Amino acid sequence: MSNIRITKQFSFETGHALYGYDGKCKNVHGHSYKLSVTVIGKPITDRNDVKFGMVIDFSDLKKIVKEEIVDQFDHATVFNETTPHVELAQELKNRGHHVILVDYQPTSENMVVDFAKRIVRRLPDGITLFSLKLQETESSFAEWFASDNL
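Per this note's numbering, residue 691 is the first one in the sequence shown, and the count goes up by one each step.
Written out as structure tokens, the structure is:
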């Protein structure tokens with residue numbers, strides 16, 4: 691049986707700031723992110739399996755990505771926990787805002803690596819994360835490929 695790639699797309703709104711950056715992105719701002727998640731595997735060949743012919747049920751992939759990324763990052767503000775933004779983060783939290791502190795600069799490049807780690811640990815046996823594409827704007831995106839990270 692052939693390996694087949696399955697892709698599901700997601701959207702979420704997230705704010706961030708890049709501490710120490712020399713451009714506009716040093717200011718708190720947000721993006722309408724689009725995340726494409728591609729997994730690879732062999733379709734189920736057991737005719738008695740309710741998921742016969744599927745690599746993974748799209749709804750199962752959706753559940754993983756929703757729980758690990760969308761539900762956590764949607765309408766949140768992400769700051770690097772090792773910068774003075776921690777003070778702003780605490781103030782926002784005290785006012786009831788959803789803030790995520792990460793141990794990296796919250797660029798699309800670093801976020802896509804974080805997302806890959808979160809998804810990989812939840813995939814069922816026989817299914818491999820092939821790639822992620824995190825689109826920050828209409829014309830800017832970061833991509834992660836498993837083959838680049840062996």
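Cβ atoms here follow ideal geometry from the backbone N, Cα and C, with glycine treated the same way.
Keep in mind the model is a prediction, meaning the values are calculated, not measured.
Determine the DSSP secondary structure at residue i, reduced to helix, strand or coil.
i: residue 729; result: strand
i: residue 763; result: helix
i: residue 738; result: coil
i: residue 680; result: Residue 680 is absent from the structure shown; the chain starts at 691 and stops at 840.
i: residue 784; result: helix
i: residue 839; result: coil
Kindly list the residues whose CB is nearer than 8 Å to the CB of residue i, restricted to its own chain and excluding five residues on each side of it in sequence; keep chain order.
i: residue 793; result: 770, 771 and 772
i: residue 764; result: 702, 703 and 704
i: residue 777; result: none
i: residue 716; result: 707, 708, 709 and 710
i: residue 750; result: 814
Less than 7 Å between the C-beta atoms of residue i and residue j, yes or no?
i: residue 731; j: residue 816; result: yes
i: residue 836; j: residue 824; result: no
i: residue 648; j: residue 698; result: Outside the shown range of the chain (691 to 840) lies residue 648, about which nothing can therefore be said.
i: residue 808; j: residue 758; result: yes
Below 7 Å CB to CB, which residues in the same chain sit around residue i once its five sequence neighbours on both sides are set aside?
i: residue 834; result: 802, 803, 806, 821 and 822
i: residue 733; result: 691, 694, 743, 744 and 745
I'd like the list of long-range same chain contacts for residue i, defined as Cβ closer than 6 Å, with 5 residues on each side in sequence excluded.
i: residue 767; result: 705 and 789
i: residue 800; result: 794
i: residue 841; result: The requested residue 841 is not part of the displayed model; the chain covers only 691 to 840.
i: residue 810; result: 819
Within 7 Å of any Cβ in chain C, is that where the Cβ of residue i sits?
i: residue 771; result: Of the protein chains in the structure, only one exists, and it is not chain C.
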